[in-house]
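This report concerns only the one structure given below.
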């Protein structure tokens, strides 16, 4: 079964507007971590933001924030005040409880294109 | 501070040829990983090394071998390349394995084409 689902293959957003990227996950472990990575056209994977399953507050990191709804098993990324440099592929990933196989389970990604 | 570095950046092989992808990290991390990324997909784990001296299979290990040369370096070897191994390969490292909070940091990737 797919552990991470990103249902939006591609999105367009106007510069300076906010955009929300959807991510739902599937796990039965009580302890897990959720990560978002950015992959620009140059190809590298850039870590953006982390949310722990026990965190009481939504994670924020500059213009990035995570809308974490534990009961719905969703961890949507919100990019505020979009910039042209935000055009990239964005991946949601999950890491499950200690003792697992240490891997990150990745979604298929969402391509964001910021329009001037 | 270079982070995670990978060599080469690009490589073209013929079917049956062998090659080694090199990865090094300067963050004093304990764990290192090799992933592959195929078009339209997220990354899949090939092998990982939770600590120096240990290696384990990930999700898609067939056709690959790894060596954790020391704490800094983790190499991936293709003994007999196949067209199905055409992919982008990423190396990653993290500080504390076995915890869900552990963040993995990625290298720039190696784009491999097997003809």
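Residue numbers (this note's numbering), protein chains in the order written: chain A, 424 to 539; chain B, 70 to 184. We put the CB at the ideal spot given by N, CA and C, even for glycine. Note that this is a predicted model, so its numbers are computed, not measured.
Residue i versus the options, residue with shortest Cα-Cα distance
i, options, result
"residue 464 of chain A", "A:510, A:449, A:447, A:531", "A:510"
"residue 124 of chain B", "B:113, B:109, B:145", "B:145"
"residue 132 of chain B", "B:87, B:111, B:78", "B:87"
"residue 487 of chain A", "A:473, A:496, A:497", "A:473"
Residue i, enclosing beta strand (DSSP E) - first and last residue
i, result
"residue 511 of chain A", "511 to 518"
"residue 541 of chain A", "Outside the shown range of chain A, which is 424 to 539, sits residue 541 of chain A, and nothing can be said about it."
"residue 532 of chain A", "Neither: residue 532 of chain A is in no beta strand (DSSP E) and is coded neither H nor E."
"residue 184 of chain B", "From DSSP, residue 184 of chain B is part of no beta strand (DSSP E); its letter is neither H nor E."
"residue 93 of chain B", "88 to 94"
"residue 490 of chain A", "487 to 492"
"residue 433 of chain A", "433 to 437"
"residue 74 of chain B", "73 to 76"
Contact check, residue i vs residue j, beta carbons under 8 Å
i, j, result
"residue 456 of chain A", "residue 433 of chain A", "no"
"residue 160 of chain B", "residue 96 of chain B", "no"
"residue 140 of chain B", "residue 121 of chain B", "yes"
"residue 149 of chain B", "residue 181 of chain B", "no"
Can at least three beta-carbon pairs, one atom from the stretch 436 to 449 of chain A and one from the stretch 492 to 502 of chain A, be found at a separation below 8 Å?
yes
Going along the chain, which unbroken runs of the beta strand (DSSP E) with 3 or more residues stay wholly within the stretch 129 to 170 of chain B?
133 to 137, 143 to 147, 156 to 163
Is it a yes or a no for the stretch 531 to 539 of chain A touching the stretch 471 to 487 of chain A, going by three-plus beta-carbon pairs under 8 Å?
no
Runs of beta strand (DSSP E) wholly within the stretch 439 to 468 of chain A (minimum 3 residues, chain order):
442 to 444, 456 to 462
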